[in-house]
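S.K.: This note's numbering puts the sequence shown at residues 148 to 548.
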Amino acid sequence: MKVRVAAAAAAFVVLAMSAPLAVAKSTCQNTGNFDRWLDGFKQKAVAAGIDKGVADAALRGVQFNPGIIKKDRAQVIFSDDWLTFAGKLVSANRLKVGAAKLQQNKKMFDAIEKKFGVPGAVVTAFWALETDFGGFMGKDSTIDSLATLAYDCRRPEKFEKELIAALDLIQKGDLTKDQMIGAWAGEIGQLQFLPSYYDAHAVDFDGDGHRNMINSSADALASAANYMKYLGWQAGQPWLEEVEVPQQMPWEQADVTIKHPRSQWAKWGVKKRGGGALKADNMQLSLILPMGKDGPAFLGYPNFDAYLTWNESLTYSLTAAYLGTRYAGAPKVGLGHGNPPSIGYKEVLAVQQALIKRGYDTGGADGTMGAKTRAAVRDMQLKLGMPADGYPTPEFISRIQ
148 MKVRVAAAAA AFVVLAMSAP LAVAKSTCQN TGNFDRWLDG FKQKAVAAGI DKGVADAALR
208 GVQFNPGIIK KDRAQVIFSD DWLTFAGKLV SANRLKVGAA KLQQNKKMFD AIEKKFGVPG
268 AVVTAFWALE TDFGGFMGKD STIDSLATLA YDCRRPEKFE KELIAALDLI QKGDLTKDQM
328 IGAWAGEIGQ LQFLPSYYDA HAVDFDGDGH RNMINSSADA LASAANYMKY LGWQAGQPWL
388 EEVEVPQQMP WEQADVTIKH PRSQWAKWGV KKRGGGALKA DNMQLSLILP MGKDGPAFLG
448 YPNFDAYLTW NESLTYSLTA AYLGTRYAGA PKVGLGHGNP PSIGYKEVLA VQQALIKRGY
508 DTGGADGTMG AKTRAAVRDM QLKLGMPADG YPTPEFISRI Q
């Protein structure tokens, strides 16, 4: 079966909102009894404030789904290099449809920005990546999926919380059990929120008395803006800017976790795309090189931090932010200094395994370039006397092996 990129990404997107998520295969085994667990969970739900009748009705007929566990164990997400990943997700069709949606719903987007301070381009990018503008929200029963994952040995505490939150949404009248059809990992609606985030941040923007992120685009988009505001979004401020970097600079300073005044980046030779000078002020920015010193380069503004809290994956967050800039009028991203080397799952896995043997903590060997892997690569590059941009080039891979 052909799997949509949006659907594959969505299963990670909101999961990453709440806590770091290990995507490596789990080795734990389920040895209990699902029906016995379900009876115990009903008692927990009632103790947490869910009406017994609501719990009984919502959980009636719920069954363990081994297919959900298989999907959860097999996740290999965001392993492509950034240009490949962004090239798949930022498609010509999404650019065209998103631009049309922004124009057709200008009044709604203006109202959302006025209330929450988040531009329509920003929330439309999430809308595009998560569900193709509400066109593909998943086909799994949310209650069944969450019950399966709550029973599973891998992350039961997390998903018990989400299952109780789903029951709470039913109890409050926001959604019915039958309406709760979504992604296999329990995300709901056009922006794919897990139930606890739905409950905490969803808003009734169309004024019908219900917070319905499934059937109401207005509710879904305003809820996304409300969540971004909660994450610290600053109204009227940029979030991402493509820039040009020099041939030489302190590459070890280029990381999303490191911030310097814009004036410092200017002193090191960073320029606007096209060669214009950066504003020499004290705004704290990070230089993001998703494919190292020879690839695309971006300045991450304070608002970009909200993306990284929404989703800790730099690959996804940068793609969402970049798509937002395209909707706001930015040109297609350049290639940097030429043709940056492409790496994928196998290469990253080999790097992680080699670094782990050398005593580094890469956050595991999962084939994904997470923050710990980038930091380990950077440190090893410094030791080898290589440009420490945190990107494992073929030369670097050869030397550490």
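Cβ coordinates follow ideal geometry from the N, Cα and C atoms, glycine included.
#1: Do you know how far the Cα of Y463 is from the Cα of K479?
#2: Could you give the DSSP three-state label for K504: helix, strand or coil?
#3: Taking the beta carbon of A221 as the centre, do at least 16 other beta carbons fall within 10 Å, making it buried, or is it exposed?
#4: Three-state secondary structure (DSSP) at F256?
#5: Is the number of C-beta pairs between the stretch 429-442 and the stretch 470-485 that are closer than 8 angstroms three or more?
#6: Pull up the distance between the alpha-carbon of K217 and that of Q176, whole angstroms please.
#7: Since I believe A312 is in contact with D346 (beta carbons under 8 angstroms), could you give me their beta-carbon distance rounded to a whole number of angstroms?
#8: Keeping to the same chain, check which residues put their C-beta closer than 7 angstroms to that of L338; ignore five residues upstream and five downstream.
#9: Can you have a look at G333 and say buried or exposed, based on whether 16 or more other CB atoms are within 10 angstroms of its CB?
#10: By Cβ distance below 8 angstroms, which residues in the same chain neighbour K308 in space, the five residues on each side in sequence not counted?
#11: Can you give me the C-alpha to C-alpha distance between K243 and L465, rounded to a whole angstrom?
#12: From which residue to which residue does the alpha helix (DSSP H) around E388 run?
#13: How about T472: is its Cβ closer than 7 angstroms to a heavy atom in the ligand MN?
#14: Check the C-beta distance from A467 over to L436 and give it rounded, since I have them as a contact under 8 angstroms.
#15: I need the boundaries of the beta strand (DSSP E) containing G447, first residue and last residue.
#16: Take the Cβ of T509 as the centre, count every other Cβ of all protein chains shown within 10 Å, and call the residue buried at 16 or more, exposed below.
#17: Kindly indicate which residue of Q395, K189, A268, N458 has the alpha-carbon position closest to the one of L470.
#18: Going along the chain, which residues of its own chain have a beta-carbon closer than 6 angstroms to the beta-carbon of I215, five neighbours each way excluded?
#19: For Y507, I'd like the list of residues in its chain whose CB is within less than 6 angstroms of its CB, leaving aside the five on either flank, ordered along the chain.
#20: I need the boundaries of the alpha helix (DSSP H) containing S460, first residue and last residue.
#21: Between which two residues does the beta strand (DSSP E) carrying L434 extend?
#22: State yes or no: is the C-beta of Q528 within less than 8 angstroms of the C-beta of A512?
#23: Which class does F340 belong to by DSSP, given the choice of helix, strand or coil?
#24: Could you check whether the stretch 413-430 touches the stretch 533-545, counting it as contact only if at least three pairs of C-beta atoms, one from each stretch, sit closer than 8 angstroms?
#25: Provide the residue span of the alpha helix (DSSP H) that contains M527, from first to last.
#26: Quick one, which of I328, N252, D219 has its alpha-carbon nearest F283's?
#27: Figure out for me which residue from Y474, Q411, P488, W386 has the closest Cα to the Cα of Q250.
#28: Should the stretch 386-405 be called in touch with the stretch 446-465, which here means at least 3 C-beta pairs below 8 angstroms?
#29: Work out the CA separation of E459 and K254 for me, nearest whole Å.
#30: For L162, count the other beta carbons within 10 Å of its own beta carbon; 16 or more makes it buried, fewer makes it exposed. Which is it?
#31: Taking C-alpha atoms, which residue in A535, S489, F451, K414 lies nearest to E399?
#32: At what residue ranges does the stretch 173-233 contain a whole run of the alpha helix (DSSP H), taking only runs of 4 or more?
#33: Tell me, to the nearest whole angstrom, how far the beta carbon of A192 is from that of A202; I am working on the premise that it is less than 8 angstroms.
#34: Is it right to say K324 is buried, meaning 16 or more other beta carbons lie within 10 angstroms of its own, or is it exposed?
#35: Give the DSSP bridge partners of P550, in chain order.
#36: What are the start and end residues of the alpha helix (DSSP H) that includes R241?
M.R.: By the coordinates alone:
#1: 17 angstroms
#2: helix
#3: A221 is exposed by the Cβ-count criterion.
#4: helix
#5: yes
#6: 12 angstroms
#7: 5 angstroms
#8: Its chain contains F273, W274, E277, M360, A367, S370, A371 as the residues whose beta carbon lies nearer than 7 angstroms to that of L338, once the 5 sequence neighbours on both sides are disregarded; these appear in chain order.
#9: buried
#10: S343
#11: Approximately 20 angstroms, taken between the alpha carbons.
#12: Here E388 belongs to no alpha helix (DSSP H); instead the beta strand (DSSP E) covers 387-391.
#13: Summarising the ligand content, the structure contains no ligands, and the ligand MN is consequently not present.
#14: 18 angstroms between Cβ atoms; not a contact.
#15: 444-447
#16: buried
#17: A268
#18: S292, T295, W331
#19: A523
#20: Going by DSSP, S460 is part of no alpha helix (DSSP H) at all; its letter is neither H nor E.
#21: Looking at the DSSP string, the run of the beta strand (DSSP E) that includes L434 is 431-435.
#22: no
#23: strand
#24: Contact fails between the stretch 413-430 and the stretch 533-545, because fewer than three Cβ pairs, one in each stretch, are under 8 angstroms apart.
#25: Secondary structure note for M527: its alpha helix (DSSP H) is the uninterrupted segment 518-531.
#26: I328
#27: When the alpha-carbon of Q250 is set against those of Y474, Q411, P488, W386, the nearest one is in Y474.
#28: yes
#29: Here the alpha carbons of E459 and K254 stand approximately 32 angstroms from one another.
#30: Reliability of the predicted coordinates at L162 is poor, the pLDDT of 42 falling under 50, and no value is obtained from them.
#31: A535
#32: As far as the stretch 173-233 is concerned, its whole alpha helix (DSSP H) runs of at least 4 residues are 181-194, 199-206, 213-220.
#33: Their Cβ separation, rounded to whole angstroms, is 5 angstroms, which keeps A192 and A202 in contact under 8 angstroms.
#34: buried
#35: Nothing can be reported for residue 550, as the shown portion of the chain is limited to 148 through 548.
#36: Where R241 is concerned, the enclosing alpha helix (DSSP H) stretches over 239-251.
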